[in-house]
């Protein structure tokens, strides 16, 4: 999937975006010397025959991703914890080799099966009602690399009834793009080209009652330079060309989340987000999650559903005329569509266990499945299994 | 949204004491009860949709234009 290449790659590279979130993976401070470890395996599949960006005109966007992750956090003292996240993923995509066959971009071998490594290292400190965190991350694969950093802080007010948080993230990325693709036999891949992304996030949460919490969030993201997707193409008067997009993209989002306790053993989470950007797209997203504690509140069951509706970016079309002037893309992710998603998960507590002579506490075995269907033809599903414990 | 913001401001005067937050301390009441799993979910959505924000998955990656 040339463009599926883009699609699968984007999924794989998505872990870059975890950088800032790693800090919150184990939010509670532990006792000095304690360590938490979680191994999470993600198995992802997507399929579609409607990707107008695919170079061979067949539109096939099939991709499979296997992405194991390791989260670890160690408590140095009562105020400070260090954490890390490590990812190695492997993936295959139906049309990955469409352009790579010609260019040898992956060193002369097929890129139908790729791998990526990434890692994040961070520190978190908490003093009274104030917490701050920072992290550094990297990611590397054949057509993309990233060095990124994040800093953030949160402070509680009014006896922690109100909490304000601010996060800054910066990505110094580099990407290789296919060029001279018409005809594909002359295609080549560029050297690494720079790309920068800055993200500022502001959040505020308020305890309303003994069973209600609400959170508001604001996001600003500014991406600059080489924002095209690797190998994404457009059809211009019957001839394939590389997509062409502006050098900057400012994006804005605001969201609200409400958590409401239903009885003593369940909770309803409702959320809404409005998004718009400099490229003319806007989107509305609404989600609902129902959590149910069972087995004396040891286990947790989650039912989730989500609806997303977006408009296309100004530069999107399935194909273009030769007279077209200006930017152009046929990326199906930037098209006008709605998306429906459902999910089910079960987190099972195994209590304390002894494994290879080591006493493990708070052992959990979690499983979940998610399915989504877009109105422009793409379907995807993923299975998640994780094993977590403390020692 | 305006009403919700006003509700937020007003409610900040009606604090819930620490001793009454037993229910709020439960895992199901946290803003994200399954943070690691949600991270993967959010990144998939961020790359399969034009919209981002409202979660940590907001940028980075060669596919996210």
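Residue numbers (this note's numbering), protein chains in the order written: chain W, 1 to 391; chain R, 1001 to 1065. All C-beta atoms in this analysis are idealised placements derived from N, C-alpha and C, irrespective of residue type, glycine included.
Continuous beta strand (DSSP E) stretch holding residue i: start and end
i, result
"residue 47(W)", "35 to 47"
"residue 155(W)", "144 to 157"
"residue 329(W)", "Per DSSP, residue 329(W) belongs to no beta strand (DSSP E) and is neither H nor E."
"residue 174(W)", "162 to 175"
"residue 215(W)", "212 to 224"
"residue 334(W)", "Segment: none, residue 334(W) is in no beta strand (DSSP E) and carries neither H nor E."
"residue 194(W)", "193 to 209"
"residue 305(W)", "299 to 310"
"residue 75(W)", "63 to 75"
"residue 292(W)", "282 to 294"
"residue 131(W)", "130 to 141"
Top-ranked residue by Cα proximity to residue i, from the options
i, options, result
"residue 268(W)", "293(W), 247(W), 276(W)", "293(W)"
"residue 366(W)", "353(W), 360(W), 389(W), 381(W)", "389(W)"
"residue 296(W)", "264(W), 364(W), 327(W)", "264(W)"
"residue 1030(R)", "166(W), 213(W), 177(W)", "213(W)"
"residue 227(W)", "259(W), 206(W), 194(W), 241(W)", "194(W)"
"residue 58(W)", "234(W), 343(W), 172(W)", "234(W)"
"residue 231(W)", "346(W), 187(W), 204(W)", "187(W)"
"residue 256(W)", "337(W), 249(W), 139(W), 272(W)", "272(W)"
"residue 129(W)", "147(W), 123(W), 156(W), 151(W)", "156(W)"
"residue 217(W)", "346(W), 266(W), 166(W), 86(W)", "166(W)"
"residue 147(W)", "121(W), 133(W), 158(W)", "121(W)"
"residue 151(W)", "124(W), 174(W), 88(W), 138(W)", "124(W)"
"residue 356(W)", "317(W), 391(W), 54(W)", "391(W)"
"residue 363(W)", "210(W), 351(W), 158(W)", "351(W)"
"residue 1018(R)", "175(W), 336(W), 162(W)", "162(W)"
"residue 131(W)", "138(W), 258(W), 153(W)", "153(W)"
"residue 270(W)", "178(W), 261(W), 177(W)", "261(W)"
"residue 158(W)", "169(W), 208(W), 318(W), 140(W)", "208(W)"
"residue 202(W)", "278(W), 323(W), 164(W)", "164(W)"
"residue 360(W)", "253(W), 369(W), 349(W)", "349(W)"
"residue 312(W)", "331(W), 91(W), 302(W), 56(W)", "331(W)"
"residue 1023(R)", "53(W), 344(W), 266(W)", "266(W)"
"residue 52(W)", "336(W), 344(W), 278(W)", "336(W)"
"residue 238(W)", "183(W), 225(W), 174(W)", "183(W)"
"residue 140(W)", "92(W), 55(W), 116(W), 240(W)", "116(W)"
"residue 119(W)", "144(W), 28(W), 88(W)", "88(W)"
"residue 1015(R)", "206(W), 278(W), 249(W)", "206(W)"
"residue 241(W)", "67(W), 169(W), 324(W), 34(W)", "324(W)"
"residue 181(W)", "358(W), 274(W), 56(W)", "56(W)"
"residue 309(W)", "334(W), 300(W), 298(W)", "334(W)"
Residue i - containing alpha helix (DSSP H), residue span
i, result
"residue 320(W)", "No alpha helix (DSSP H) holds residue 320(W); DSSP gives it neither H nor E."
"residue 1044(R)", "1035 to 1048"
Close beta carbons around residue i, own chain, < 8 Å, minus the five adjacent residues each side
i, result
"residue 32(W)", "75, 76, 77, 78"
"residue 394(W)", "Absent from the structure is residue 394(W), since the part of chain W shown begins at 1 and ends at 391."
"residue 1063(R)", "Since pLDDT at residue 1063(R) reaches only 41, below the 50 mark, its modelled position is unreliable, and the value read off the structure follows with that caveat. Here the set comprises 1047."
"residue 174(W)", "144, 145, 146, 192, 193, 194, 195"
Whole-Å CB distance - residue i paired with residue j, under 8 Å assumed
i, j, result
"residue 40(W)", "residue 69(W)", "5 Å"
"residue 394(W)", "residue 288(W)", "Not covered by the structure: residue 394(W). The range shown for chain W is 1 to 391."
"residue 373(W)", "residue 346(W)", "Residue 373(W) to residue 346(W), Cβ: 23 Å. No contact."
"residue 338(W)", "residue 375(W)", "5 Å"
"residue 1021(R)", "residue 259(W)", "Not really, about 13 Å apart at Cβ, beyond 8 Å."
Proximal residues to residue i (C-beta, below 7 Å), its chain only, five neighbours per side dropped
i, result
"residue 327(W)", "244, 245, 246, 315"
"residue 190(W)", "176, 177, 179"
"residue 1025(R)", "none"
"residue 1038(R)", "1032"
"residue 249(W)", "223, 227, 277, 278, 279"
Sequence-distant residues of its chain with Cβ nearer than 6 Å to residue i (five each side left out)
i, result
"residue 221(W)", "199, 251"
"residue 393(W)", "Since the first and last residues shown for chain W are 1 and 391, residue 393(W) lies out of range."
"residue 197(W)", "171, 223"
"residue 160(W)", "129"
"residue 30(W)", "75"
"residue 73(W)", "26, 36, 81, 83"
"residue 1050(R)", "none"
"residue 319(W)", "235"
"residue 368(W)", "345, 384"
"residue 276(W)", "252, 282"
"residue 286(W)", "272, 307"
Item to check | Runs of alpha helix (DSSP H) wholly within the region 350 to 384 of chain W (minimum 4 residues, chain order) | outcome: none
Next on the checklist: In chain order, what are the residue ranges of uninterrupted beta strand (DSSP E) at least 3 long that sit wholly in the region 227 to 269 of chain W?
Outcome noted: 233 to 236, 239 to 242, 248 to 262
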